[in-house]
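Protein chains in written order, with the numbering used here: chain A, 1 to 392; chain B, 1001 to 1392.
Heads up, the beta-carbon is just placed ideally off N, CA and C, and yes, glycines get one too.
Computed from a predicted model, the values in this text were never measured in an experiment.
Quick notes on the structure that follows.
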DNA sequence: AATCAATACTTGACGAAGTTAATTAATACT
DNA sequence: AGTATTAATTAACTTCGTCAAGTATTGATT
């Protein structure tokens, strides 16, 4: 094997290598999402000939994006010539991901396989666009020029924002928590940081990350449900994230589960969010904060526990609706609301099982709180994805 | 232009022509779904060069699948050379479509553009597999060897069955109305009729037909909701029909819309079907038949009218759920239940508008009863599609 | 009438990206 | 050592597209 060409500090003129062929992108994607594999198994998985894999992989190896496993790492015995599995050279390139909330920035540096290498938090006092841009720039500097020097190998930044985002143009059409309308965040952040910027809705970003690197890896279709002040849902169908023709998709929060239920701020009645959204739980529990409600429920207050039970069940019914309508291969439930995981879980499962129809009940349900850094990792994942699959 | 090679009675060795290239299938599909177009406009639509269209179209013209519009039919003036739009030669090939119900077969012959050329109905006394096959064979004979002779140009048969169907293998896993389990209908019907058979779930078949030839034509994503004894929903997303990982998708009937609603035979509570399914309407109205309920409601009986109102609203809520979760470009509502169209429509719209979230409310809703022949046309459409797009 | 600009289509050379078939490589088993 | 077996590579070929240049047919302009 020719030794790798890449010298670490080299220029980034290797873009052409990644865009070389459709097969190159497919190979990288498969290796990133499913770990090291031999060329033959890649060929089978991608529906290519092994010759095509050999050809497409070589330039990626030469450019330092792929490497072969060391002899020692290879798998056990078996007849015939042993495979030389390919692996992504994770440290070949780094990506910054930042999640913007109303009062904080959470940032990470990830390698090519979306493993977190560094973390940073910064409070956000103002939601003025210039102030936020300054904080983003400062955070990028802090992350890239910190104890480990990532700067030379980092060219991309992913931003995750809640609300209505146009990923293609980097435009934030509307963001409730930041009170933004039509902010060209992509362009502005690119100018401020010198990085290529991808902007995406936060739930979609997290869904992408879970689909590529997390619980949804390998699944052709996949749903991620987030529970918090709002109830959100990201969907991947036939391997592609779902956006909705009119820009709306995955709006699980405003599904009706109880026609006679409480009024929702959306104008409807008995929406999942009007039963299980944080502020509605607080109101129904009669406490001042959600933490107080959690404490009381854990202490055994039957009224407050019933509020959580009802909320969990509403979420379960909503998830069953997703399973019945879309039929994803698996569903992950997460979000900051799941800090009260123990109060929700059995009721979510009960609601789901009650209403999932036929084989939809077989859909595995993963209920797991994700730390806030995961959201930032989602932003980085979108950025990685946009690098590996320029189209889409 | 060289005169067309096809002689009508020629052998069917032109399969190779259709499968010639990806572009050929794309051109045919575009012409079938969107009507005659010039090569240049096809090129734009399909993202090809006009040279590619010219090249791929030629063999299709020579084999008689496409023709150029007559000079007289061409569009109006304009600078430059006028276009010679291509059109599908609809009578080049015919397809039989049969919809199987519990007590009747409905059959049609369609041309390549899914226009119905002949219709046939046959009662079904027995659901014994051999008896049904005999009826299918008789119906095919009646349709193909009738006043017009379609036999020479027909090689394919599509069958639509309600229940759990594996299209790829032609297996009917379970069909409630026919009381079938694991019937290899595709193979059996092929042997009996000598035609190439495609078997598909009836709702999916109708969805395909509407997506290609009906209200959903041109839409990238699309939903069809059927109202009858059950409530069904077929979905097309990113141009592909949705099947669901565990074989379940579009199960709109068992969505909860009222957690305190009536019990459903599925075991849940307040499902759409338990409020709007035919038998539940009859029970709630306290009549013996659905026709009696319709008559009474139309006569002004307020109790029965309220039952229809509630049913319509439940359907509307279900449709809103589809719009919120999946975001189709358009939604069609149909099915035999819509014979009572006038009783439902305003309530369906009201339920939809109440619960559709944000831009999802912009999704156009087409509420229209479809005659039973449309279901048979759906079966034919699946057969046409399998001919034009061998893969998928 | 002759020319020109505009648009549609056709042609042939070329190139990208895959394929198949034959070859080489590395292992286990006998 | 020899053979079977699987992995990877190589080289020749195929497919399917693009590009650039040319032809065809019209309306408008000189």
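{"Item": "Please decide whether residue 315 of chain A counts as near chain B, where near means a Cβ-Cβ distance under 8 Å.", "Value": "no"}
{"Item": "Taking 8 Å as the cut-off, does the region 289-303 of chain A touch the region 232-249 of chain A (at least 3 CB pairs, one atom from each stretch)?", "Value": "no"}
{"Item": "Quick one: residues in its chain with C-beta nearer than 6 Å to the C-beta of residue 95 of chain A, no 5 flanking neighbours on either side, listed in chain order?", "Value": "110, 156, 380, 383, 384"}
{"Item": "Would residue 981 of chain B pass as an interface residue toward chain A - the criterion being a Cβ-Cβ separation below 8 Å?", "Value": "The requested residue 981 of chain B is not part of the displayed model; chain B covers only 1001 to 1392."}
{"Item": "Taking Cβ positions only, does residue 1328 of chain B come closer than 8 Å to chain A?", "Value": "yes"}
{"Item": "If you compare alpha carbons, which of A:308, A:170, A:368, A:119 is closest to residue 147 of chain A?", "Value": "A:119"}
{"Item": "Compute the Euclidean distance between the alpha carbons of residue 1008 of chain B and residue 1191 of chain B, then round it to the nearest angstrom.", "Value": "Residue confidence is low: residue 1008 of chain B scores 33 on pLDDT, short of 50, so the model does not pin down where it sits. No coordinate-derived value is stated."}
{"Item": "Between which two residues does the beta strand (DSSP E) containing residue 1318 of chain B stretch?", "Value": "Looking at the DSSP string, residue 1318 of chain B is not in any beta strand (DSSP E); the run it does join, the alpha helix (DSSP H), is 1302-1326."}
{"Item": "Nearest to residue 1113 of chain B by CA position, among B:1334, B:1347, B:1212, B:1240, is which residue?", "Value": "B:1212"}
{"Item": "In chain order, what residues of the same chain lie with their CB nearer than 6 Å to the CB of residue 1351 of chain B, ignoring the 5 residues before and after it?", "Value": "1313, 1316, 1317"}
{"Item": "Within 10 Å of its beta-carbon, does residue 82 of chain A have 16 or more other beta-carbons around it, so buried, or fewer, so exposed?", "Value": "exposed"}
{"Item": "Who are the neighbours of residue 1237 of chain B on chain A, taking C-beta pairs under 8 Å?", "Value": "237, 238, 242"}
{"Item": "Which of the three DSSP states is assigned to residue 222 of chain A in this structure?", "Value": "strand"}
{"Item": "Per DSSP, residue 1158 of chain B forms a beta bridge with which residues?", "Value": "B:1097, B:1198"}
{"Item": "Output, in sequence order along the chain, the residues in the region 248-274 of chain A whose CB is closer than 9 Å to any CB in chain B.", "Value": "248, 249, 250, 251, 252, 253, 254, 255, 256, 257, 258, 259, 260, 261, 266, 267, 268, 269, 270, 271"}
{"Item": "The alpha helix (DSSP H) that contains residue 57 of chain A, what's its start and end?", "Value": "50-62"}
{"Item": "Do residue 93 of chain A and the ligand MG come close, with the Cβ less than 7 Å from some heavy atom?", "Value": "The ligand MG is absent from the structure shown, which contains no ligand whatsoever."}
{"Item": "Is residue 222 of chain A near residue 329 of chain A, with beta carbons less than 8 Å apart?", "Value": "yes"}
{"Item": "Counting only beta-carbon atoms, is residue 1202 of chain B nearer than 8 Å to chain A?", "Value": "no"}
{"Item": "Tell me the DSSP bridge mates of residue 121 of chain A?", "Value": "A:106"}
{"Item": "What residues match up with residue 181 of chain A in a beta bridge as DSSP calls it?", "Value": "A:174"}
{"Item": "Just mark residue 1142 of chain B as buried or exposed, buried being the case when its beta carbon has 16 or more other beta carbons within 10 Å.", "Value": "exposed"}
{"Item": "Is the region 239-247 of chain A in contact with the region 1334-1342 of chain B, if contact means three or more CB pairs nearer than 8 Å?", "Value": "no"}
{"Item": "Chain B beta carbons: is any one of them nearer than 8 Å to that of residue 121 of chain A?", "Value": "no"}
{"Item": "For residue 385 of chain A, decide whether its Cβ has a neighbour in chain B, counting only Cβ atoms nearer than 8 Å.", "Value": "no"}
{"Item": "By how many angstroms is the C-alpha of residue 241 of chain A removed from the C-alpha of residue 1048 of chain B?", "Value": "25 Å"}
{"Item": "For residue 81 of chain A, name the three-state secondary structure that DSSP assigns.", "Value": "coil"}
{"Item": "With a CB to CB cut of under 7 Å and the five nearest residues on each side skipped, what residues in its chain are close to residue 5 of chain A?", "Value": "Low local confidence applies: a pLDDT of 35 at residue 5 of chain A is under 50, so the model's placement there is unreliable, and no value is given."}
{"Item": "At a CB-CB cut-off below 7 Å, which residues of chain A make contact with residue 1358 of chain B?", "Value": "248"}
{"Item": "Going by DSSP in three states, residue 1251 of chain B sits in which element: helix, strand or coil?", "Value": "coil"}
{"Item": "Cutting at 6 Å between CB atoms, please list the residues of its own chain near residue 311 of chain A, excluding the five before and the five after it.", "Value": "275, 276, 281"}
{"Item": "Quick one: residues in its chain with C-beta nearer than 6 Å to the C-beta of residue 2 of chain A, no 5 flanking neighbours on either side, listed in chain order?", "Value": "Here the model assigns residue 2 of chain A a pLDDT of 28, short of 50, so the residue's position is not dependable, and the following value carries that caveat. The answer is none, since no qualifying residue turns up."}
{"Item": "Name the two residues that bound the continuous alpha helix (DSSP H) containing residue 291 of chain A.", "Value": "290-299"}
{"Item": "Against residue 1362 of chain B, what residues of chain A qualify as contacts under a CB-to-CB distance less than 8 Å, listed in chain order?", "Value": "246"}
{"Item": "From which residue to which residue does the beta strand (DSSP E) around residue 1087 of chain B run?", "Value": "1086-1088"}
{"Item": "Count Cβ pairs between the region 1176-1187 of chain B and the region 1089-1107 of chain B that sit closer than 8 Å; are there 3 or more?", "Value": "yes"}
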